[in-house]
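Protein chains in written order, with my numbering: chain L, 1 to 398; chain Y, 1001 to 1150; chain X, 2001 to 2176.
Each remark here refers to the structure printed beneath this line.
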Amino acid sequence: MRDFPQGIAGLGVSMHKNLLRAALLAAMAGGPVLATPPPPLPAEHLTVAKLPPRSPHWAYVLDEAQNNEIDARVLLYDGDTYRRLGQIGAGFMPGDNLSPDGNTTVVAATYFSRGGHGTRTDVVEFNDNETLTKTGEIVILPKHAQSLAMLYDIAYSADGKFVYVPYLQPAASFGVLDPVRKSVLSEIDTAGCVLVVPSGPNRVASICESGRLLTVTLNAQGREASRASSEPFFDPDKDPVFVQGVPTDDGVAYLSFLGQVHEVDLSHAQPAFRPVWSLVGAADKGVWRPGGIQIGAIHKAQGTLFVAMHRGGDGSHKEGGSEIWVFDLKSHQRIARWPVDPRQISGTVVAVQVSQDAAPILFAATDKADLAVLDAKTGRLKHVEKQFGQTPSLVLNP
Amino acid sequence: MTGAAARLRRAAVLACLIAALPVTHLYAGPQQDYILYCMGCHGPQAEGVPGKVPPLAHSLGRFMRSPEGRNYVLRVPGAANSALSDAQLAEVLNWVAQKFDAAELARGAAPFTAEEVARLRHNPLTSVLATRSAVVRQLSSTGSAPPDQY
Amino acid sequence: MPMLDRVFENSARSLARRTSRRSVLASLGRLLTGAALLPLLPIDRTARAQGAPGSGKSAVNDPQSCDYWKYCAIDGFLCACCGGTSNSCPPGTQPSPITWIGTCHNPGDGRDYIVSYNDCCGKVSCGDCFCNRNEREVPMYRLSRNNDVNWCMANSESDYHCSVSVLIGVAEPEKK
């Protein structure tokens, strides 16, 4: 808090006297007769805003700022008051995620020494979610996986003791970091398998070109203790799955280009694959497809899956949704179908996220940078934020 | 091995190779497979990228000298997980070795066969760099070897 | 496939000369820009004829249009709008030595062509002519078919400026 010096307060007093004189003159000139003019405004104090108490209806929206890619940022948005609450810097081609306790936003990014060029430094930065200040960093090997941001491109272990960050050289591996001591514990060669899906305190699953999941188990020091590959669970030639998995109650769900849902239970030492089910009936297969970037979201307690769907053919897998379809995870039935109203929302939906509370809201970001807020039970459009950042594409929830 | 025995062996291997080829030759061939599946990272001259992508030129033929080297080649991610069939992978590897490490290959390393590929590739390496270093060390001690650093 | 043979003839000769890395990149550039292929490709007459916008060309033949047939799986800013062309990087940027290879159909002559989607690196985002198409594109577990990753990643200055689509040759049908 800064108080302005006495001199300026004194200036206020003399301004007051001048105002009074002016008012009296105006009155004598036949102008409006004022009653006693309102007291002058008090001096302000320059402060730094404090965030309101954390709400499940907040969204951490990663904006890659595509036209200015060295200038990515995470925008914090309040889905109840429809206000921007603040911002976290995120460098070039970042990945971000939240700590399990919600207190930290971790960002992995590249910075160049001269802004747009120069020596490359890759860092994992830790940001305090109460003050939105950077509280520490770990310098990692300059081979952070630079790609379109997606879920599981950086992650904490379930107990918050490790942070996993993928590398791409283009050889694939990931780093295991200690977020408390701010150190690199190990590098795990994944032999081509990508991303880091954490399960339990010390398991990491990566998805492979062979259609398998690689599971690496770490010891207490963060070094590899063992690894195993699952049987192939999808065919990348016939029906590839989107590499960005959707977090579930006990693991992750992979959606395929043709609308198959592969739910994977990661709660045990080895992944267990549930029977595959389909988002589309026979008539719609290959016609209606999931698509976009952050294609789906699951409300874990209510057991509902929200997917951005579009009509399209081969090669349309990155097209955003013209509709959001809602499914019950137990019955596998579609329970709702919400068209995106082009009169209110510009563009197609490329990212969906749902809050995990009992009165959930759905965030939907479009390829025209609109951020829509919907009632996740009824689909009612509550609010549209026009031009929320430049290219918002990943929405995280506390 | 006597000259006659070596020639016999080579003829036998060649016969196996021909037997392993698909009956119809309508597909484009190893040159196109190299372009589509390998060249993006390993380069049009199989030169790799220093520090980032290993070369195949002056390298692959040497790995083919020993069982450990051949085992390594067939289990690297680009081979193990490649969309190429076993027969196609064998052909493209043999094509690369012939094109970019011919002198080494002329010393007698056997070409890959589809059978050998099928037997080894579905067990991907867990630690590519560490394995490569170990194999290169081993090869260095018995003759020509790929570069250790790249 | 005479034109593809020639691609590798040149590379074998370059290799025999034991060139330094810089000239390897230069010869790579020659190969990738198709300079060695120019006399052989029937499509080359069209390539030479491509002119400035407003030339009256249909979008499918316009390298500054996202509908240009060669851009069937490109992701990024078109270098043709940034001071380069569909097969050359803008001045002062560095081509990525690694890339991914795709196949696009040319309606002009009915052939499928192999194209190389290199990135041009070392400067901040061009910002013009963003284009993302995804024919036969696959997620990043199959890196050789993916356009979500930054193909500038192996450059010393890996920031991404724009993307090209370089003709490599005719794609023959594959049969496993």
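Quick reminder that beta carbons are idealized off the backbone N, C-alpha and C, glycines included.
Cutting at 8 Å between CB atoms, please list the residues of its own chain near R2145 of chain X, excluding the five before and the five after it.
W2100, G2102, R2136, E2137, V2138
Beta-carbon contacts of E209 of chain L that lie in its chain and below 8 Å, excluding the five residues immediately before and after:
G192, C193, P236
Less than 9 Å separating the beta-carbons of A365 of chain L and S393 of chain L?
yes
Give me the DSSP bridge partner(s) of W288 of chain L.
L:K285, L:R311
9 Å is my cut-off, CB to CB: does S1127 of chain Y come that close to chain L?
yes
Nearest-angstrom Cα distance between V74 of chain L and D370 of chain L?
Whole-angstrom Cα-Cα distance: 15 Å.
Note down, in chain order, every chain X residue with its Cβ under 8 Å from the Cβ of A1028 of chain Y.
M2001, A2171, E2172, P2173, E2174
Reduced DSSP category for R2133 of chain X - H, G, I as helix; E, B as strand; rest coil
coil
Inter-residue spacing [alpha-carbon to alpha-carbon] between G251 of chain L and P201 of chain L
Between the C-alpha atoms of G251 of chain L and P201 of chain L there is a straight-line separation of about 13 Å.
Short of 7 Å in beta carbon distance, which residues of its chain neighbour V287 of chain L, apart from the five on each side in sequence? Order them along the chain.
R311
Could you tell me which chain L residues have their CB closer than 9 Å to the CB of K1052 of chain Y, listed as they occur along the chain?
K143, Q169, P170, A171
Cβ neighbours of S2158 of chain X in the same chain (closer than 7 Å, five flanking residues each side left out)
C2121, N2150, C2152
When we look at the beta-carbon of I1035 of chain Y and count the other beta-carbons within 10 Å, is it buried (16 or more) or exposed?
buried
Do the region 1081 to 1094 of chain Y and the region 1126 to 1140 of chain Y make contact, defined as three or more Cβ pairs closer than 8 Å?
no
Once DSSP output is grouped into helix, strand and coil, what is the label at G1040 of chain Y?
helix
For a contact defined as C-beta to C-beta under 7 Å, what are the partners of Y1037 of chain Y on chain X?
S2144
So for E263 of chain L, helix, strand or coil by DSSP?
When secondary structure is reduced to three states using DSSP, E263 of chain L falls in the strand class.
On the three-state DSSP scale, how would you describe S2096 of chain X?
coil
Mind checking whether the beta-carbon of L255 of chain L lies closer than 8 Å to any heavy atom of the ligand NAD?
Absence of the ligand NAD is noted for the structure shown, with no ligands found whatsoever.
Anyone know if the C-beta pair for T304 of chain L and L329 of chain L falls short of 9 Å?
For the 9 Å CB-CB criterion, T304 of chain L and L329 of chain L form a contact.
Length at least 3, wholly inside the region 2068 to 2097 of chain X: the beta strand (DSSP E) runs in chain order
2075 to 2077
Beta-carbon separation of P398 of chain L and N129 of chain L under 9 Å?
yes
Amino acids of chain Y, ordered along the chain, whose beta-carbon sits closer than 7 Å to that of D237 of chain L:
Scanning chain Y for C-beta atoms nearer than 7 Å to the C-beta of D237 of chain L yields A1083, reported in chain order.
Which residue marks the beginning of the alpha helix (DSSP H) containing L1060 of chain Y, and which one marks its end?
Segment 1060 to 1063, the alpha helix (DSSP H) holding L1060 of chain Y.
Sufficient close CB pairs (3 or more, under 8 Å) joining the region 370 to 388 of chain L to the region 351 to 362 of chain L:
yes
In the DSSP output, what is R2111 of chain X paired with across the bridge?
Per DSSP, X:N2106.
Under 8 Å by beta carbon: chain X residues contacting I154 of chain L:
Result: empty, since nearest Cβ-Cβ is about 15 Å, beyond 8 Å.
Three-state secondary structure assigned by DSSP to R1121 of chain Y:
coil
Below 8 Å on the Cβ atoms is my contact criterion, and I expect G292 of chain L with A351 of chain L to pass it. Report the Cβ-Cβ distance as a whole number of Å.
7 Å
Helix, strand or coil: which one does DSSP assign to F200 of chain L?
Note that residue 200 of chain L is Gly in the sequence shown here, rather than Phe. In this structure, G200 of chain L counts as coil in the three-state DSSP scheme.
In the structure shown, what three-state DSSP assignment does L381 of chain L receive?
L381 of chain L sits in a strand when the DSSP states are folded into three classes.
For the beta strand (DSSP E) that contains N421 of chain L, what are its first and last residues?
Because chain L spans 1 through 398 in this model, residue 421 of chain L falls outside it and cannot be assessed.
Kindly list, in the order they appear in chain X, the residues whose Cβ is closer than 7 Å to that of G1040 of chain Y.
I2098, T2099, W2100, I2101, S2144
Taking only the alpha-carbon atoms, compute the straight-line gap between G2108 of chain X and A2059 of chain X and give it to the nearest angstrom.
12 Å
Any contact of the region 51 to 58 of chain L with the region 74 to 93 of chain L, i.e. 3+ C-beta pairs under 8 Å?
Flag = yes, the region 51 to 58 of chain L and the region 74 to 93 of chain L touch.
Tell me the DSSP secondary structure of T190 of chain L in three-state form.
coil
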